[in-house]
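Read the structure below first, then the notes.
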Amino acid sequence: MNEITAAEQAGFPILSTLVFLPVVTMVALGFVRKERALRRVALAGAVAVLGLSLLLTAGFQRGTTDFQFVEQLPWIESIGLSYHLAVDGVSVLFVPLTALLVVVVMLSSWTAVRYQPKAYLMAVLAFETAAIGVFVAVDLILFFVFWELMLIPTYVLIKVWGDGPQRGRAAMRYVLSMLLGSAALLAGFIMLGVSYRSAPGSGGALSFDLLVLMDSPVPLGTQTAVFFLLAFAFALKAPMFPFHAWMPTTLLEGPIGMAVFLGGLKMGVFGFVRFVLPLVPEAFAAWSWLVAALGVTAVLYGALIALVQSNLRRLVGFASVSHVGLAMLGLSSLNASGLQGALFLLVSLGLVSTAMLLVAGFVHQRVGSTDLAALGGLAQRTPALATFALIACLGAVTLPGTSGFPGEFLILLGAFRAHGWPVAIAVTTVILAAAYVLVFFERAFHGRIRSTIVDATADLRPRETVTAGILGVAIVAFGFFPTALLDYSSASVDDLVGRLNPPTAVAADD
Amino acid sequence: MDVTGLTPLLALLVPLLGAAGVVLLRHRTPARELCGVVAGIIQLGLVATMVPAVGDGGTVSFTLSTFLPEAPIALRADALGVVLAGTAAALWVLTTFYAMGYLGTAPDPALTRFHACFSLTMAATIGVAFSANLLTMYLFYEALTVITYPLVTHTGTPEAARGGRRYLAYQLGCGIAFLLPAIVLTYIEAGTFDFVRGGILDANAGSALLVIVYVLYLLGIAKAALMPVHSWLPAAMVAPVPVSALLHAVAVVNVGVFCVLRVVLDVFGTDLVAELGLGFLTLVVASVTIVVASWYALRLDNLKGILAYSTIGQLSYMILGMALLSPGGRTGAVLHLVGHSFSKITLFFAVGSVYLASHRTLASELRGIGRQLPWTMGALAVGALSIIGLPPTVGFIAKYFLFVGAVEAGQWAVLVVLAVSTLLSAGYYLRVLRSALFDTPLAVTAGGSGDTTGLLRSPIVTEPGALVVGPMLITATVTLLLGVAPGLLLDLIRVSSG
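Going down the list, the protein sequences come from chains A and B.
Per the numbering used here, residue 1 is the first one in the first sequence, and the count goes up by one each step.
Per the numbering used here, residue 1001 is the first one in the second sequence, and the count goes up by one each step.
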């Protein structure tokens, strides 16, 4: 596992800049008084981060497993903790995705968030710092720090700017669920660090460095324990069935902005790919049947529950549970197409789920509700919004020609190879996704106009059209040109597959 | 000669640009409509330029992007694809003119949507026609479903919504539940998605699995309307006539049959299909579909309903021709794909013309209308003769090849099926024609079934404008021309199915 330093590749610490630019913007906001200027400064900061993240992807060397743009500074050497940032094929795309979602959230809340805009924008920027940190940290403890830091802005955003009457309770529930997971996560990480001490070549020192740990095998007993600890934490975050209870409630009660982050950035699944697969590969392979079983159950369960939802936000919540199940199924197949499919699906979900939630936001802002009872016939008044909603819905259905399809297709291929018929048949139940999403679309946007509010609804404004347009184009473009994304992760995925299938097993497998 | 060229991509882009033009010119009619016409003509030209290259069995390919190294989104025009694309492009132009006459050219947003979706439908059709592999085909196949849905529900009535729902449910449902698994299984067994003449699967995969995959394909390609996945087609009849024409003649069902042909010729290969006894299975399913659909049509009074069931039966003619697994059968199948398109669209144009002129929709209401609508009824007669399979129409030539194919294959029972269904279709079409041409006219006070307001009740029934009658006469003429001089087309078809 080689490292290419940031100094070589960019000439400056680009990852640190990405992580801390939002904080700098946040501090700058403290000095701004006027509301308009406030929003502009915040947006400028977010756009700068997006631009920089695109530079990062442009400069990223594809086709190698190397960790790139590496920055490393010793921090607390006595416990082997260092400030170590890097991106590889697994993580690099999540940085621009996060940055894009922040820009989208800011644009979509331009007029929607009226209460305490300064504090709102500061919370969003704080979240961005933590989220990017999560994606680029390659030291386990540093990752944990960013992971925990995310909780504070998340709690505040749900509690203060949530749309639902139960938002206080939803926020508390979210934080308590996450803290429970964090405890397990920290325990798992510490076990790994301690286990390293007895490994050959460690010299009795602790290490929490992902790159170091990856090269040092862990005894199977420890692997199993660590696997369950980490899996619990990441499953809670993902959220993976049966740990998903917080998700629909939070999407319903929280503000759209927060819902976009929670629905669009599947950090739990990312955690699996980043840490569980490379660090405890044998345990993951041994328990992959359980992951597959839970994944398939989630696909079915999420889809069936989504089928009977009358509220768009809860629907997206359960659809999200279903999609996470699909991604986990991809991981459990332990082969390249399954893993590639899962990673692609995660990025695609970031776009699709955000698009769906934006639709919910646009509708909520106009009609005051996202419940079917209040909708019907919207397309007649808002053709542009309806078109955007349709693209989002087709993406959620994973129809070919949208970014949802390549991921689903690759997962299906991988699952077929790994698990054979039963799983493959179960996966075709994504047809249920078609049912729930399209039924909802038809009831909300087509048919007769039933309320005077809908009748008086205005279509998307220019700023909203731009926001929607960026996402819509991305959803379609990646549907037709998936390699634009797949190329980034292929080398890293091959490496992971090699770790998951030790040489002897590979020979028997193929 | 196999060459790499941009032409297939251009043929795909032209209708996309056409759709963009429709939206941009939404306030300027009829420039909006003419976008579609111009795009259609350019597309037809592009397709025509590929005829020399594909006429000797060559291909023109272009790779768009890749999913996996072995799974590109790639276009490749061969003779079969050119036949489908050419038919679609020619009829697109005519149908656009007809739509102007039938639906008007008001700057109505619903009409803009209609014409834009119409252009996009052509893009999807071209995409299927020029797919180089299963994955690309699936992509455009499903795109076609989505893009035709707003056309089916065009009128916006609750009935249209119901019909549209069923349409979407059948297409997407079968596509995801059956076609997609079939494609994945094919890939796992064959290791490739590419279409190769002679097939990519081989008997090593195990006959049970291959039979399952084959059945999944037949069920998954619901657009071919083989029973039992046919009932979306009558449900979609709620759409206005130009849309029905599009579904029945230009795009949707043709794409369905085309995909079945591709699967048989280029995925399984005729040898494997024969070896597994799947040809016989297909013959049985197609024969049942033909007879049952004809029987249904015989009992209906609603004109569009009759045409819908007629289409279900005729599509199975093509499947049947393919399933004979003999050269004559294959030629008949592809020729019928083209011939049926021109014949059926003529019938739809005529039925639409009757509705415009008199608001009548039932066969029993056509009594004596031939005297008032001579052109329309003349076209209707040509279309009907062709579907029945009488000379001098293209339907006759196609049926001739099907008979030859059945004899070549030694499938004597098929001859009986063809004969019975000829009688049945003669039954329902000639009943309509006889009544329209020879019976005494309906009393002038009786309103048509579509006339609920009474305002439309008019004793004066005259031919609608040239935009309606013109395209109808052109398609009728082509139906006759291809019946008299099919030579050039036949050369291409022989290459395409060889």
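Here a beta-carbon is modelled for each residue, glycine too, at the ideal position from N, C-alpha and C.
| task | Kindly list, in the order they appear in chain B, the residues whose Cβ is closer than 7 angstroms to that of A/V446. | result | Residue identity check: residue 446 of chain A is His in the sequence provided, not Val. Per Cβ cutoff of 7 angstroms: A1161.
| Using a C-beta cutoff of 8 angstroms, does B/R1457 count as contacting chain A? | No answer about B/R1457 holds up, because its pLDDT of 47 lies below 50 and its placement is not dependable.
| request: Could you work out which residues of chain A lie near B/Y1187, taking near to mean beta carbons separated by less than 9 angstroms? | output: L413 and F416
| request: Measure from the C-beta of B/G1040 to each C-beta in chain A and report whether the shortest distance is under 8 angstroms. | output: no
| How many angstroms separate the CA atom of B/I1126 from the CA atom of B/G1191? | 26 angstroms
| query | For A/T398, which of helix, strand or coil comes out of DSSP? | reply | coil
| request: Spell out a yes or no on whether the stretch 1315–1324 of chain B and the stretch 1221–1230 of chain B are touching, meaning 3 or more CB-CB pairs, one atom from each, closer than 8 angstroms. | output: yes
| said: So the candidates are A/W161, A/K159 and A/M178; which of them puts its Cα closest to the Cα of A/W147? | reply: A/M178
| said: Which residues in chain B have a C-beta closer than 7 angstroms to the C-beta of A/F481? List them in chain order. | reply: S1065
| field | Host alpha helix (DSSP H) of A/P117 (start-end) | value | P117 to V136
| For B/V1253, which residues of its own chain have a beta-carbon under 8 angstroms away from its beta-carbon, when the five flanking residues on both sides are left out? | K1223, A1224, A1225, L1233, L1247, T1311 and L1315
| message | Taking 8 angstroms as the cut-off, does the stretch 456–469 of chain A touch the stretch 170–186 of chain A (at least 3 CB pairs, one atom from each stretch)? | response | no
| field | Straight-line gap, B/L1335 to B/G1329 (C-alpha atoms, nearest Å) | value | 10 angstroms
| request: Compare the C-beta of A/P514 against all C-beta atoms of chain B and say whether one is closer than 8 angstroms. | output: Given that chain A is displayed from residue 1 to residue 510, the structure contains no residue 514 of chain A and the question cannot be resolved.
| field | Residue range of the beta strand (DSSP E) that includes B/V1003 | value | D1002 to T1004
| request: Would you tell me roughly how many angstroms separate the C-alpha atoms of A/H419 and A/L349, rounded to the nearest one? | output: 24 angstroms
| said: Counting C-beta neighbours from all protein chains within 10 Å, is the total for A/A458 16 or more, i.e. buried, or is it exposed? | reply: exposed
| Closer than 8 angstroms to chain A by CB, B/E1365 | no
| task | Spell out whether any CB of chain A is found under 8 angstroms from the CB atom of B/I1176. | result | yes
| Should B/I980 and A/I431 be called a contact, given that it needs their Cβ atoms to be closer than 8 angstroms? | This structure gives no information on residue 980 of chain B, because the portion of chain B shown stretches from 1001 to 1498.
| query | Nearest chain B C-beta to A/V493 closer than 8 angstroms, yes or no? | reply | no
| message | For a quick check, are the C-beta atoms of B/Y1102 and B/P1008 less than 8 angstroms apart? | response | no
| request: Please list the partners that A/V430 has in chain B, where partner means a Cβ-to-Cβ separation under 8 angstroms. | output: I1176
| message | What ranges does the alpha helix (DSSP H) occupy inside the stretch 166–250 of chain A, keeping only unbroken runs of at least 4 residues that lie completely in it? | response | 167–197, 210–214 and 220–237
| said: Pop quiz: A/A444 and A/G376 are said to be a contact at Cβ under 8 angstroms. What is the actual Cβ separation, rounded to whole angstroms? | reply: 7 angstroms
| task | Tell me where the beta strand (DSSP E) around A/Q72 begins and ends. | result | F67 to I76
| said: Here's the rule: buried if 16 or more other CB atoms are within 10 angstroms of the residue's CB, otherwise exposed. What is B/H1027? | reply: exposed
| Mind listing which residues of the stretch 1143–1160 of chain B have their C-beta closer than 7 angstroms to chain A's C-betas, in chain order? | A1143 and V1146
| message | Using the three-state DSSP reduction, which class does A/D88 fall into: helix, strand or coil? | response | coil
| message | What does DSSP give as the partner residue(s) for B/V1060 in the beta ladder? | response | B/V1003 and B/A1077
| message | Pop quiz: B/T1346 and B/K1304 are said to be a contact at Cβ under 8 angstroms. What is the actual Cβ separation, rounded to whole angstroms? | response | In fact, because the Cβ distance is near 14 angstroms, the residues do not count as touching under 8 angstroms.
| field | Residues of its chain near B/V1128, where Cβ-Cβ distance is below 8 angstroms and the 5 sequence neighbours each way are ignored | value | L1084, M1137, F1140, Y1141, L1144, V1255, F1258 and C1259
| said: Pull the bridge partners of B/P1072 from the DSSP assignment, please. | reply: B/T1066
| Local conformation of B/I1221 per DSSP, three classes | coil
| Going along the stretch 400–412 of chain A in order, which residues come within less than 8 angstroms of chain B, judged by CB to CB distance? | P400, G401, F405, P406, F409, L410 and L412
| query | Pick from A/A233, A/F135 and A/G325: whose alpha carbon is nearest that of A/A512? | reply | Residue 512 of chain A cannot be examined here, being either before or after the span of chain A that is shown, 1 to 510.
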